[in-house]
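Input: a single structure, listed below in structure tokens.
Residue numbers (full-length UniProt numbering): 1 to 322.
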């Protein structure tokens with residue numbers, strides 16, 4: 001009989017993180033009449049339909065004109081509105097980088113750039129849509145807050161939280177159904193990492209969909225007598241440097257895990273923090289300087305090494321370097 005893996009967190013349901021955004025946006029709209037929604041012809045994909053239905057006068061269908069959408073959002077924010085823009089992550093960043101830089105970030109406009117279908121787990125749409133550079137692009141932007149939640153509940157909580165936060169935000173989420181393993185009543189604190197599992201031998205810093213893989217990796221390592229600490233870095237910028245340094249001071253080595261290019265992502269930010277303060281052995285789990293391809297989300301994560309098994313390998317390698 002096959003042994004059941006005992007993870008510290010469990011789930012009974014899977015749901016896409018983009019639905020967490022849609023439900024969070026509706027709740028934020030009910031709480032604050034200044035919240036408005038803008039979408040670039042992807043209402044269904046971004047799960048913005050309920051907001052549109054309940055607040056038709058506060059919803060703007062821009063069409064396939066993402067650059068115009070960013071300009072409209074910047075203008076609305078000048079008059080006290082809190083615009084939430086919605087399109088795929090590829091179109092929320094690469095296509096409109098100039099508009100974000102010049103019209104939103106430079107003057108610190110209160111615009112929330114909400115980006116779905118990020119990373120390899122977009123799946124069959126392939127490399128042209130599976131942006132893996134967006135976190136790096138946006139965290140390099142001065143004045144930009146960058147958030148990458150891990151499941152439906154955390155995405156919903158993050159969406160509600162950024163409505164109350166003053167300043168530009170990039171919120172990243174995804175397409176596939178994913179385990180819901182964080183509390184529905186959680187308080188989302190921007191810039192505050194969440195230590196999900198205590199450990200003493202190695203730290204696993206994870207973000208987005210890879211947080212669940214880190215939880216599974218912790219259980220696999222525990223079966224081998226290795227104690228791993230799992231920290232959910234949902235806010236890439238501002239980075240919780242204190243949480244990172246405190247954990248690595250205890251464990252002596254670490255792994256970063258993200259659905260993003262190794263260049264410019266979470267791992268880079270953690271490495272910079274360590275090298276300036278307390279250098280330690282570190283390994284990376286992410287996409288190594290390549291585009292994605294068309295395929296099923298789970299198969300792509302397996303092929304590109306973004307899963308629990310590869311986190312375990314990275315953790316053991318980091319341990320061997322202590």
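Cβ coordinates follow ideal geometry from the N, Cα and C atoms, glycine included.
Report the residue from the options whose alpha carbon sits nearest the alpha carbon of residue i.
| i | options | result |
| --- | --- | --- |
| residue 195 | 319, 214 and 22 | 214 |
| residue 257 | 210, 128 and 224 | 210 |
| residue 272 | 296, 105 and 236 | 236 |
| residue 40 | 103, 114 and 4 | 114 |
| residue 38 | 78, 15 and 83 | 83 |
| residue 20 | 135, 52 and 149 | 149 |
| residue 55 | 75, 28 and 64 | 28 |
| residue 13 | 207, 117, 317 and 184 | 184 |
| residue 232 | 226, 73 and 241 | 241 |
| residue 314 | 7, 147, 51 and 282 | 282 |
| residue 43 | 116, 73 and 111 | 116 |
| residue 10 | 197, 119 and 47 | 197 |
| residue 126 | 204, 175, 264 and 153 | 175 |
| residue 193 | 239, 145 and 163 | 239 |
| residue 280 | 247, 292 and 303 | 247 |
| residue 254 | 263, 260, 275 and 32 | 275 |
| residue 200 | 268, 5, 222 and 81 | 222 |
| residue 151 | 311, 261, 178 and 131 | 178 |
| residue 6 | 202, 219 and 264 | 219 |
| residue 289 | 205, 305 and 159 | 305 |
| residue 298 | 311, 251, 124 and 35 | 124 |
| residue 208 | 171, 226, 243 and 78 | 171 |
| residue 122 | 287, 159 and 173 | 173 |
| residue 317 | 264, 204, 133 and 134 | 204 |
| residue 65 | 286, 91, 182 and 112 | 91 |
| residue 88 | 130, 320 and 261 | 130 |
| residue 69 | 78, 85, 77 and 110 | 85 |
| residue 100 | 81, 134 and 251 | 134 |
| residue 15 | 250, 187, 260 and 180 | 180 |
| residue 206 | 26, 312, 164 and 67 | 312 |
| residue 8 | 128, 30 and 182 | 182 |
| residue 107 | 266, 188, 74 and 243 | 74 |
| residue 191 | 202, 212, 164 and 146 | 146 |
| residue 320 | 269, 97 and 202 | 202 |
| residue 76 | 189, 249 and 103 | 103 |
| residue 259 | 250, 292 and 277 | 292 |
Would you say residue i touches the ligand FAD, meaning its beta carbon is less than 6 Å from a heavy atom?
| i | result |
| --- | --- |
| residue 258 | Ligands in the displayed structure: none, and consequently the ligand FAD is not present. |
So residue i is in the alpha helix (DSSP H); what residue range does that whole segment cover?
| i | result |
| --- | --- |
| residue 251 | 241 to 251 |
| residue 51 | 49 to 54 |
| residue 153 | 152 to 163 |
| residue 267 | 266 to 277 |
| residue 46 | 43 to 46 |
| residue 298 | 297 to 303 |
Identify the residues that DSSP records as bridge partners of residue i: which are they?
| i | result |
| --- | --- |
| residue 282 | 254 |
| residue 219 | According to DSSP, which records beta bridges pairwise, residue 219 is partnered with nothing at all. |
| residue 212 | Beta-bridge pairing links residue 212 to no other residue. |
| residue 170 | 113 and 146 |
| residue 179 | 14 |
| residue 38 | 60 and 85 |
| residue 203 | 229 and 254 |
| residue 197 | 230 |
| residue 186 | For residue 186, which the question treats as bridged, DSSP gives no partner whatsoever. |
Could you round the C-beta distance between residue i and residue j to whole angstroms and report it? I think they count as a contact, below 8 Å.
| i | j | result |
| --- | --- | --- |
| residue 105 | residue 168 | 6 Å |
| residue 120 | residue 245 | Not confirmed; about 30 Å, so no contact. |
| residue 24 | residue 156 | 4 Å |
| residue 161 | residue 308 | About 28 Å separates the two Cβ atoms, so there is no contact after all. |
| residue 93 | residue 144 | With 8 Å as the limit, residue 93 and residue 144 do not qualify as a contact, their Cβ atoms being about 11 Å apart. |
| residue 72 | residue 62 | 7 Å |
| residue 132 | residue 287 | 5 Å |
| residue 380 | residue 110 | The structure shown does not extend to residue 380, since the chain is modelled only from 1 to 322, so the question has no answer here. |
| residue 58 | residue 36 | 5 Å |
| residue 158 | residue 234 | 7 Å |
| residue 34 | residue 81 | 5 Å |
| residue 322 | residue 252 | 5 Å |
| residue 26 | residue 60 | Incorrect: roughly 16 Å between the Cβ atoms, too far for contact. |
| residue 32 | residue 163 | 6 Å |
| residue 269 | residue 112 | Not a contact, Cβ separation roughly 21 Å. |
Quick one: give me the first and last residue of the beta strand (DSSP E) that residue i is part of.
| i | result |
| --- | --- |
| residue 314 | Looking at the DSSP string, residue 314 is not in any beta strand (DSSP E); the run it does join, the alpha helix (DSSP H), is 308 to 320. |
| residue 237 | 235 to 237 |
Next item on the list: For the region 61 to 146, list the beta strand (DSSP E) runs that are entirely contained and at least 3 residues long, ordered along the chain.
Entry: 82 to 88 and 112 to 116
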